[in-house]
Amino acid sequence: MIDSSRIRNFCIVAHIDHGKSTLADRLLELTHAVAERDMRAQYLDKMDLERERGITIKAQAVRLSYQSGGRTHELNLIDTPGHVDFTYEVSRSLAACEGAVLLVDAAQGIEAQTLANFHLARDAGLTIIPVLNKIDLPAADPDRVARELGELVGWSPAEVLRVSAKTGEGVTGLLETVIERVSPPEGAREAPLRAMIFDSSFDPYRGVVAYVRVHDGVLPSRAKIRLMAANLDSEAEEAGIFAPEATPVPDLGAGEVGYLVTGLKDVHQVKVGDTITLAGKKRAREPLPGYREPKPMVWSGLYPAEGGDYGDLRDALDRLKLSDSAMQYEPETSQALGFGFRCGFLGLLHMEIVKERLEREFDLELIATAPNVEFHVVRGEEITVVHNPSEMPQPGTYDLVREPVVLATVITPSEYLGPVLELCQSRRGEMVDIKYLSPERAEVHYRLPLAEIIFDFFDQLKSRTRGYASLDYEHWGYEKADLVRVDVLLHGEAVDAFSSVVPRDKAYQYGRQMVERLRELIPRQLFDVAIQATIGSRIIARETVKAKRKDVLAKCYGGDITRKRKLLEQQKKGKARLRRVGKVDVPQEAFIAALRLDRRPGVKS
Amino acid sequence: MNAGIYVHVPFCLTRCGYCDFNAYAGLDHLRSRYVAALIREAELVSREWAGEEFVSVFLGGGTPTTLEPADLEALLEGLRDRLAVTPDAEVTIEANPDTLDAAKLEGLLKAGFSRLSMGAQSFDSKVLEALERIHRPDGVRRAFREARAAGYANVSLDLIYGADGETLDSWELSVREAIDLGPEHVSAYALTIEPSTPLGRKIGAGLVSAPDPDVQADMFFLACRLLGEAGYRHYEVSNWAKPGFECVHNLGYWERRPYVGLGAGAHGFRGNRRSWNVRPPEEYLVRVESGMSPVGGEERLKPSDAFLEEVFLRLRLLEGIPASWVEGGRAEPLLETGLLEDHEGALAPTDRGMLLLNELVLALTS
């Protein structure tokens, strides 16, 4: 048992690609946490998916032993995600720490996520250590970025640390600074146990594993524990630390970070943010404060491409939920797509990652409907929350609709300010202010409907600024908006998967675009198929897929028969995958292509 | 069981832009070796096909009439010596108008080729140009008259519709010209584009327009009407005949009668086996000359394969299929929409149904 004065709990926060995972690798090496032969790049990003995308989606806690001033220190490094979607995960990691390394690329400078993470860390009361990374790059401009960063954090530019995570330069100095500046954890070993769950995973043999930070008391390896919010007792089987592989320990004391094999098997019982205490008389009276429930902001329907895989999809979502507590899902039925789930995500990237993990780790083939935000439909005193555009009530049946609005921060080179403002303006944005970080770099704040951001805002921003602008946003609230539901009818039948809620003044454009694209995608049938876009009972756009008249093979003689038969067999298989909407057969591919459309009105993709 | 013999002749004067058959220009030096090899192949298969009666012989290509009448006569004799061809068998040879003259026609008839299938394709020189055919409309008329003069009493004309630039009017003219010549049989094919052909590549590159299936549908119905009015029976999707002049050999394919295929790339069928010879003429020659079988591949049909074939082949014919072959309920929507007709217990395709045959087969079998 180490004296808690020699423990430091810290994390690294950074904008994407500023080198956080590489720095973590150097720290592992420097503290000999990983044998040289076992070392691999981005060691902590365990999942394949993370490594390929170069981002971290799951917080990891790893214990490093470090000698300084003749004493051994226990450094718990909590790796955090860097993307805007995962602000919530960052906040959970922060609550387990006393200090944060704010890492900034010495060539790129401060970016939107740097600011967002800085504010989160400062609000959580952490000691912030500003660090420039990539000082070995020829393009690095450490003096300029040190000035920017020092000013942000309130350190003199000379105090700002300079490292190269790639070469290891300056990394020892960073560790010394962490020990010097970051406070050791407080909390009494004698007090009743209170440990915060900040993440979890599921092991097929051992059940639910919780990642915990012990705030008070001692968590023994085997103990009868109580989950305070869940109001549930369990026999914990093992406590341990990540060093960096899971290693059992006799107990975890106040200030320590580690894992607990909870003895629970049901993924939904172990909630991130819950406080673990001991069961029985020694239990704590009050749970720990500070965590908030993650709130999905983007919704999409996920359907198995093969109808029979519905049960598999449900099992996969149950499993995924354990390591991704932010995701929500509820069963839903679409007459066009069959049985599936309406899923809530933190953002678009989160949605893509979940879909990819479901397809890759669980071998499912999925159809995702176009993403949408949550709408609040107000009728007198009553507010209905709508997650699926096809459930949006018809105009005239409610008083007003509110949609989520975000406060967006864009940092851009000043020369691209014009195009950035133009983009925000065209997306129903409302300017808050513009600041200059330096004459060359501007910080723009806009209030924007989230619905506008989740389409292709980020891509547009990047293409208008040659990739130099960065974006972050925080939720502002719900505001009244003039929105209407546009439905798409095939041969008179509404296709629920194609319904969308759009600003009234862009509804016509949207409807026109949708029917034109569908005309290209829907194969000719034996009868004329009308494709209509409607608002309520009013038709705003129409196209027709003319009836098919000829499909016969003109010549079918001795040498053609085998080929023709094989072709027919393939077509029979294709027919089995058709989705039937009323009388119209729509190939799955057409559905997928139509749902992949940029569904923001008025923009051709 | 009323089998057929198909003989493939892979030689052509030139290659046409739309053609994806196993045919080659410039291999003329192989002709006499090739004829000998065909007879040798007949010898090789004769034991396997012993006991089978052949009611038809069909020389296709390529352009079989690039061979000399003397060679063709020897070939036919060689076949008759080795395979049991009935005395009154239908013996057809495909011909391009350019390869025909009075002497050749007389020679062919004397050699025993009593049915002539002539590739007219169109009577509009612009369309012939678009198809990269080297003959001109006049050549067709001349060759047809010479065939009659030589004594041919069973002549078929092939037409192709839907080439780039062909209008409905131009097509009507071609059909009327064909009718005016008075052949016993007419085949009218919608131009089909194979991506691997020169025409397919031009279309892929956007240099030529692809056939419009709706225009081709109009052309099909026009042909149905004009030929019907002129007394031709629409007995198969792309084939019309005066009563009694339906092509015995081709009917064999759609009725799933057995056939032996001789020559490079030729297909054969018997029982549950379909097989095909190697395609390159040189390889074919080397194999046969060394006494080896030229078969390059084969497949064994499962009962379900055979059933699917029966359905999609027989539905090409006016007579259709017995209603008892189709699961209950599947035919009704097709009868109601006029794609099928009930012919005393048989489900027969209408003209509209023939044009949507793919859809019909899928609806009836899946």
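If you read the sequences in order, they're chains A and B. Position one of the first sequence corresponds to residue 514 (our numbering), numbered consecutively onward. Position one of the second sequence corresponds to residue 3 (our numbering), numbered consecutively onward. For glycine and all other residues, C-beta sits at the position ideal for the given N, C-alpha and C.
Grab the span of the beta strand (DSSP E) containing residue i for me, first residue to last.
{"i": "CYS937 of chain A", "result": "No beta strand (DSSP E) holds CYS937 of chain A; the alpha helix (DSSP H) holding it covers 930–939."}
{"i": "LEU61 of chain B", "result": "55–63"}
{"i": "HIS632 of chain A", "result": "First-last for HIS632 of chain A: 625–636, but that is the alpha helix (DSSP H), not the beta strand (DSSP E)."}
{"i": "GLN123 of chain B", "result": "117–123"}
{"i": "THR925 of chain A", "result": "913–926"}
{"i": "ALA723 of chain A", "result": "720–729"}
{"i": "ASP307 of chain B", "result": "Not the beta strand (DSSP E): ASP307 of chain B falls in the alpha helix (DSSP H), residues 305–316."}
Helix, strand or coil: how does DSSP classify residue i here?
{"i": "LYS737 of chain A", "result": "strand"}
{"i": "PHE247 of chain B", "result": "coil"}
{"i": "SER211 of chain B", "result": "coil"}
{"i": "LEU562 of chain A", "result": "Residue placement at LEU562 of chain A is flagged as unreliable, the pLDDT there being 46, under the threshold of 50; the coordinate-derived value follows with that caveat. Note: LEU562 of chain A maps to helix in three-state DSSP."}
{"i": "ASP530 of chain A", "result": "coil"}
{"i": "ALA1046 of chain A", "result": "strand"}
{"i": "ALA537 of chain A", "result": "helix"}
{"i": "GLU878 of chain A", "result": "coil"}
{"i": "ALA572 of chain A", "result": "Unreliable placement is indicated for ALA572 of chain A, whose pLDDT of 45 sits below 50; the coordinate value is still reported in the next sentence. Three-state result, ALA572 of chain A: coil."}
{"i": "CYS524 of chain A", "result": "strand"}
{"i": "GLY567 of chain A", "result": "Confidence is the limiting factor: at GLY567 of chain A the pLDDT is only 43, short of 50, which leaves the residue's position unreliable, though a coordinate-based value still follows. Correct three-state label for GLY567 of chain A: coil."}
{"i": "ALA365 of chain B", "result": "helix"}
{"i": "GLN580 of chain A", "result": "strand"}
{"i": "ARG960 of chain A", "result": "strand"}
{"i": "ARG1112 of chain A", "result": "Because ARG1112 of chain A carries a pLDDT of 43, less than 50, the predicted location of this residue cannot be relied on, and the following value inherits that uncertainty. Here ARG1112 of chain A sits in coil by DSSP."}
{"i": "ALA708 of chain A", "result": "strand"}
{"i": "PHE715 of chain A", "result": "strand"}
{"i": "ARG702 of chain A", "result": "coil"}
Quick one: which chain A residues come within Cβ less than 9 Å of residue i?
{"i": "GLN123 of chain B", "result": "Under the 9 Å cutoff, chain A gives no residues; its nearest Cβ is about 13 Å from GLN123 of chain B."}
{"i": "MET356 of chain B", "result": "VAL1065"}
{"i": "THR194 of chain B", "result": "LEU1066, ALA1067 and LYS1068"}
Assuming residue i contacts residue j (C-beta within less than 8 Å), just tell me the rounded distance between them.
{"i": "GLU916 of chain A", "j": "GLU992 of chain A", "result": "7 Å"}
{"i": "GLY942 of chain A", "j": "TYR959 of chain A", "result": "4 Å"}
{"i": "VAL727 of chain A", "j": "ILE710 of chain A", "result": "Their Cβ separation, rounded to whole angstroms, is 11 Å, which puts VAL727 of chain A and ILE710 of chain A out of contact at 8 Å."}
{"i": "LEU687 of chain A", "j": "LYS737 of chain A", "result": "Between LYS737 of chain A and LEU687 of chain A the Cβ distance is about 41 Å, and since that is not below 8 Å, they are no contact."}
{"i": "PHE222 of chain B", "j": "LEU320 of chain B", "result": "Wrong, their Cβ atoms sit about 15 Å apart, outside the cutoff."}
{"i": "ALA752 of chain A", "j": "PRO733 of chain A", "result": "7 Å"}
{"i": "HIS863 of chain A", "j": "ALA839 of chain A", "result": "7 Å"}
{"i": "LYS1077 of chain A", "j": "PHE314 of chain B", "result": "7 Å"}
Just the chain B side, please: which residues come within less than 8 Å of residue i by C-beta, in chain order?
{"i": "THR897 of chain A", "result": "Neighbours of THR897 of chain A on chain B: none; closest Cβ ~42 Å, over 8 Å."}
{"i": "LEU1091 of chain A", "result": "Simply none; closest approach about 10 Å."}
{"i": "ARG1032 of chain A", "result": "Those within 8 Å of ARG1032 of chain A in chain B number zero; the least Cβ separation is about 15 Å."}
{"i": "LEU1039 of chain A", "result": "THR339, LEU341, LEU358 and GLU361"}
Which residues mark the beginning and the end of the alpha helix (DSSP H) in which residue i is found?
{"i": "TRP173 of chain B", "result": "170–183"}
{"i": "SER1013 of chain A", "result": "Segment 1013–1016 is the beta strand (DSSP E) holding SER1013 of chain A; no alpha helix (DSSP H) there."}
{"i": "LEU320 of chain B", "result": "No alpha helix (DSSP H) contains LEU320 of chain B, which DSSP labels as neither H nor E."}
{"i": "VAL37 of chain B", "result": "33–48"}
{"i": "LYS1096 of chain A", "result": "It is not in any alpha helix (DSSP H) - LYS1096 of chain A carries neither H nor E in the DSSP assignment."}
{"i": "GLN1083 of chain A", "result": "1074–1089"}
List, in chain order, every chain A residue whose beta-carbon is nearer than 7 Å to that of residue i.
{"i": "GLY215 of chain B", "result": "It should be pointed out that residue 215 of chain B corresponds to Pro in this sequence rather than to Gly. Simply ARG1062 and LYS1063."}
{"i": "ASP307 of chain B", "result": "ARG1078"}
{"i": "SER292 of chain B", "result": "By Cβ distance, chain A contributes nothing, its closest Cβ being about 25 Å from SER292 of chain B, past 7 Å."}
Give me the chain B residues within the contact set of residue i, using Cβ-Cβ distance strictly less than 7 Å, ordered along the chain.
{"i": "THR1075 of chain A", "result": "ARG276 and GLU301"}
{"i": "GLY853 of chain A", "result": "By Cβ distance, chain B contributes nothing, its closest Cβ being about 25 Å from GLY853 of chain A, past 7 Å."}
Given that residue i touches chain D, what residues does it touch there, using C-beta distances under 9 Å?
{"i": "GLY820 of chain A", "result": "You won't find chain D in this structure, because its protein chains are A and B."}
Closer than 8 Å by beta-carbon distance: list the chain A residues that pair up with residue i, in chain order.
{"i": "SER198 of chain B", "result": "Those within 8 Å of SER198 of chain B in chain A number zero; the least Cβ separation is about 13 Å."}
{"i": "LEU310 of chain B", "result": "ARG1078, LEU1081 and GLU1082"}
{"i": "LEU364 of chain B", "result": "LEU1081, GLN1084, LYS1085 and LYS1088"}
Which residues in chain B have a C-beta closer than 9 Å to the C-beta of residue i? List them in chain order.
{"i": "GLY1072 of chain A", "result": "TYR8, HIS10, PHE23, ASN24, GLY263, GLY267, ALA268, HIS269 and TRP278"}
Next item on the list: Any chance you could list the alpha helix (DSSP H) runs of at least 4 consecutive residues sitting entirely within the region 733–800 of chain A, in chain order?
Entry: Taken in chain order, no unbroken stretch of alpha helix (DSSP H) lies wholly in the region 733–800 of chain A with a span of 4 residues or more.
Item checked: Minimum length 3: unbroken beta strand (DSSP E) runs contained in the region 640–693 of chain A -> 640–646
Item checked: alpha helix (DSSP H) runs contained entirely in the region 324–359 of chain B, provided each spans 4 or more residues -> 334–338 and 353–357
Item checked: Unbroken stretches of the alpha helix (DSSP H), 4 residues or longer, contained in the region 978–1062 of chain A -> 1020–1034
Check: Which full runs of the beta strand (DSSP E) of 3+ residues lie inside the region 57–113 of chain B, going along the chain?
Finding: Fully enclosed beta strand (DSSP E) runs of 3 or longer: 86–97.
Notebook entry, point to check: Can you list the beta strand (DSSP E) stretches of 3 or more residues lying completely in the region 804–873 of chain A, in chain order?
Noted result: 811–817, 841–847 and 851–858
Notebook entry, point to check: At which residue ranges does the region 188–239 of chain B contain complete beta strand (DSSP E) runs of 3 or more residues, listed in the order of the chain?
Noted result: Look at the region 188–239 of chain B and you find these whole runs of beta strand (DSSP E), each 3 residues long or longer: 235–238.
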